[in-house]
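Chemist: Each residue of the sequence shown is one higher than the last, beginning at 135 in this note's numbering.
Below you will find the structure I want to go over with you.
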Amino acid sequence: MRILIATPEAVPYAKTGGLADVAGALIKKYRDMKKEAYIILPLYRKIKKGDVLLKNTGLKIKVPIGDREIEGGIFSGESLTYFIDCDEFFDREELYGTPQGDYIDNASRFIFFSRGVLETCKALNFKPDVIHCNEWQTGLIPLYLKTIYRLDKFFKDTATMLTIHNLGYQGLFPASEMPLTGLGWELFNPEGIEFYGRINFLKAGLVSADVLTTVSYTYAKEILKKESGFGLEGVLQRREKDLYGVINGIDYKEWDPSKDRFLPKNFDIKNLQGKRECKRRLVKEVSLDKLERPFIGMITRLSAQKGLDLVLQSIEELLSLGVNLILLGKGEEAFHIGFSEVANRYKGRVSVTIGFEEPLAHRIYAGSDFFLTPSRYEPCGLGQLISMRYGSIPIGRRTGGLVDTIQDYDPLTSKGTGFLFSDHTPSAMLDAVKRALCVYTDKDKMQRIIVNAMKMDFSWKRSAERYIELYDYVTKKRKGMV
Ligand code: ADP
135 MRILIATPEA
145 VPYAKTGGLA
155 DVAGALIKKY
165 RDMKKEAYII
175 LPLYRKIKKG
185 DVLLKNTGLK
195 IKVPIGDREI
205 EGGIFSGESL
215 TYFIDCDEFF
225 DREELYGTPQ
235 GDYIDNASRF
245 IFFSRGVLET
255 CKALNFKPDV
265 IHCNEWQTGL
275 IPLYLKTIYR
285 LDKFFKDTAT
295 MLTIHNLGYQ
305 GLFPASEMPL
315 TGLGWELFNP
325 EGIEFYGRIN
335 FLKAGLVSAD
345 VLTTVSYTYA
355 KEILKKESGF
365 GLEGVLQRRE
375 KDLYGVINGI
385 DYKEWDPSKD
395 RFLPKNFDIK
405 NLQGKRECKR
415 RLVKEVSLDK
425 LERPFIGMIT
435 RLSAQKGLDL
445 VLQSIEELLS
455 LGVNLILLGK
465 GEEAFHIGFS
475 EVANRYKGRV
485 SVTIGFEEPL
495 AHRIYAGSDF
505 FLTPSRYEPC
515 GLGQLISMRY
525 GSIPIGRRTG
535 GLVDTIQDYD
545 PLTSKGTGFL
555 FSDHTPSAML
565 DAVKRALCVY
575 TDKDKMQRII
585 VNAMKMDFSW
595 KRSAERYIEL
605 YDYVTKKRKG
615 MV
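Structure representation (structure tokens):
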């Protein structure tokens with residue numbers, strides 16, 4: 135089985151969020167499983183100028199964008215990793231945009247990438263059995279295969295899967311950009327890629343991929359409903375029988391407190407001494423007061439989706455419970471300003487780092503007692519999986535993947551791995567924090583819940599196997615065998 139993962143981001147190359155972790159970990163797992171798995175991503179400036187070992191294959195592709203023809207180059211990295219080079223589109227500071235907004239030519243950039251992926255396959259003479267697309271940035275790939283490339287023998291047996299990592303991001307563009315896609319206007323209708331007068335790249339994939347997946351079971355059900363469907367619930371309902379939930383995992387080598395190179399001291403479930411040392415050092419690193427206080431960590435994209443309004447609204451009450459807050463995040467400017475103000479106001483109690491800092495993220499996961507994730511919605515969420523592995527207890531909203539991965543603590547049996555709350559209100563969140571603090575003040579109970587959380591298995595093994603099963607199914611379906 136020849137697998138191709140097409141993704142706009144993957145660790146260790148380029149990352150803005152969980153998709154990068156997922157794509158990077160999945161491809162690594164496939165390699166461990168000895169699968170023939172390729173991955174293609176754009177050659178962003180960060181990768182080109184970074185320390186990744188790159189080889190220019192010398193192969194070129196040409197992609198029509200409206201009435202222009204744009205040339206791209208193909209670079210290779212280690213084992214079956216390929217990058218599409220095009221300075222006009224990818225030689226930029228960020229992946230998709232700045233805190234002020236998205237890059238205005240994102241339609242062209244990801245039309246180029248999507249069609250570029252197919253052209254790259256041809257240039258490399260690599261005929262994938264399945265192309266595993268991810269998010270709106272690759273949503274056009276399945277549609278191109280069903281239209282422009284429909285009669286192309288090269289892709290005769292190529293099936294497609296599209297994974298929705300976050301339905302809130304759809305790649306919406308004005309109808310006037312339709313000619314850039316190279317697709318006919320007949321597709322610009324509600325059955326096709328039109329969405330309330332605009333073009334929707336994610337919808338292109340939702341209507342045309344052979345199989346759809348999303349990153350948790352609960353989210354797979356939630357997105358069929360109006361409240362969580364972002365206007366696409368009707369499309370998804372029509373494809374319900376082709377929609378599967380496959381829960382994300384984390385890379386257990388990358389996220390391993392017993393070997394983590396970023397930690398001042400390593401630890402594991404049998405010896406938590408190192409975790410205390412991590413907390414001690416973290417206090418100094420981020421200049422917070424009193425080690426005895428419970429520490430709540432947050433590592434997140436600063437976006438409304440993440441429920442940050444609850445934290446800003448209730449900050450005073452939250453701190454009055456005695457906790458210290460450490461936030462590491464990057465995203466919308468309004469939150470940069472809001473949280474920086476809070477950090478100034480509560481020096482010693484709140485630490486805010488605006489930026490994307492991998493080493494600090496590891497140290498916060500290790501040094502915090504709790505990990506707060508009050509998301510409005512959460513397709514899967516990786517933060518809570520990582521935090522549990524590092525013995526930092528999640529406090530999260532009862533939504534999406536948080537439901538599937540956090541077991542609400544029961545004080546009678548001491549079973550559970552975290553604390554869940556339902557309503558998207560400051561008081562519901564504070565109640566969950568209070569429940570968590572009751573456990574914190576009882577050393578034995580706290581020890582117990584840490585062990586419960588650290589014992590959970592969120593490695594990729596089971597989910598990677600599930601994806602392989604689905605690839606198998608979809609390739610057979612494509613060939614009319616099922
Ligand atoms: P999303 O993909 O919606 O942003 P996830 O919880 O699925 O959220 O994944 C977030 C990933 O990005 C986690 O690995 C988290 O540790 C990491 N991350 C988020 N923000 C930052 C940041 N500012 N610095 C470092 N890592 C971050």
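Note that CB positions come from ideal geometry on N, CA and C, so glycine has one too.
It should be emphasised that the depicted structure is a prediction, and the values quoted were computed from it without experimental measurement.
1) Assuming residue 619 and residue 257 form a contact by the criterion Cβ under 8 Å, report the distance between their Cβ atoms to the nearest whole angstrom.
2) Whole-angstrom Cβ separation of residue 555 and residue 526, contact assumed at under 8 Å?
3) Would residue 570 be called buried (16 or more neighbouring beta carbons within 10 Å of its own) or exposed?
4) Applying the criterion that 16 or more other CB atoms from any shown protein chain within 10 Å of the CB defines a buried residue, is residue 154 buried or exposed?
5) Identify, in the order they occur along the chain, each residue of the same chain with its Cβ nearer than 6 Å to the Cβ of residue 306, setting aside the five sequence neighbours on each side.
6) Could I get the ranges of all uninterrupted beta strand (DSSP E) runs contained in the region 507-545, with 3 residues as the minimum, in chain order?
7) Evaluate contact between the region 367-384 and the region 594-613, counting only Cβ atoms and requiring at least three cross-stretch pairs below 8 Å.
8) Quick one, are the C-beta atoms of residue 470 and residue 449 less than 7 Å apart?
9) Whole angstroms are fine: how far does the CA of residue 368 sit from the CA of residue 604?
10) With a threshold of 6 Å (Cβ to nearest heavy atom), would residue 352 be considered close to the ligand ADP?
11) Kindly indicate which residue of 418, 390, 498, 523 has the alpha-carbon position closest to the one of residue 430.
12) Take every Cβ of the region 306-321, pair it with every Cβ of the region 285-298, and state whether three or more of those distances are shorter than 8 Å.
13) Out of curiosity, what's the CA-to-CA distance linking residue 539 and residue 375?
14) Is residue 465 closer than 7 Å to residue 444 when the C-beta atoms are compared?
15) Evaluate the contact criterion for the region 265-278 versus the region 213-223: three or more CB pairs, one atom per stretch, below 8 Å.
16) Express the C-alpha separation of residue 421 and residue 483 in angstroms, rounding to a whole number.
17) Can you say whether residue 572 is buried or exposed, counting buried as having 16 or more other CB atoms within 10 angstroms of its CB?
18) Is residue 516 near the ligand ADP, with its Cβ less than 6 Å from a heavy atom?
19) Within a Cβ cutoff of 8 Å, which residues of the same chain sit near residue 344, ignoring the five residues on either side of it in sequence?
20) Pick from 494, 280, 264: whose alpha carbon is nearest that of residue 462?
21) Can you check DSSP and say which residues form a bridge with residue 570?
22) Could you tell me if residue 167 is buried or exposed, where buried requires 16 or more neighbouring beta carbons within 10 angstroms of its beta carbon?
23) Under the three-state reduction of DSSP, which class applies to residue 261: helix, strand or coil?
24) Thinking residue 518 and residue 536 are a contact (beta carbons under 8 Å), I'd like their distance in whole angstroms, please.
25) Check whether the Cβ atoms of residue 532 and residue 508 sit closer than 7 Å, and answer yes or no.
26) By the three-class DSSP mapping on this structure, what secondary structure does residue 412 have?
27) At a cut-off of 6 Å, would you count residue 162 as near the ligand ADP, judging by its Cβ distance to the nearest heavy atom?
28) What's the C-alpha gap between residue 133 and residue 446?
29) Where do the N-terminal and C-terminal ends of the alpha helix (DSSP H) with residue 586 fall, by residue?
30) Buried or exposed: where does residue 199 fall if 16 or more other Cβ atoms within 10 Å of its Cβ makes it buried?
31) Quick check on the DSSP output: the beta strand (DSSP E) that includes residue 487 runs from which residue to which?
32) Quick check on the burial criterion: 16 or more other C-beta atoms within 10 angstroms. Buried or exposed for residue 212?
33) Within the region 186-227, note down every full beta strand (DSSP E) run reaching 3 residues or more, in order along the chain.
34) To the nearest whole angstrom, what separates the beta carbons of residue 391 and residue 405, a pair I think is in contact under 8 Å?
35) Within a Cβ cutoff of 7 Å, which residues of the same chain sit near residue 316, ignoring the five residues on either side of it in sequence?
Modeler: Taking the coordinates as given:
1) In the structure as shown, the chain starts at 135 and stops at 616, and residue 619 therefore has no counterpart that could be examined.
2) Incorrect: roughly 18 Å between the Cβ atoms, too far for contact.
3) buried
4) buried
5) 332, 334
6) 527-531
7) yes
8) no
9) 23 Å
10) no
11) 498
12) no
13) 24 Å
14) no
15) no
16) 9 Å
17) exposed
18) yes
19) 276, 293, 294, 295, 376, 608, 611, 612
20) 494
21) Answer is none; residue 570 lacks a bridge partner.
22) exposed
23) coil
24) 6 Å
25) no
26) helix
27) no
28) Absent from the model: residue 133. The displayed extent of the chain is 135 to 616, so no value can be given.
29) 577-589
30) buried
31) 484-488
32) exposed
33) 189-199, 202-210, 215-219
34) Contact flag wrong, Cβ pair sits at about 10 Å.
35) 198, 282
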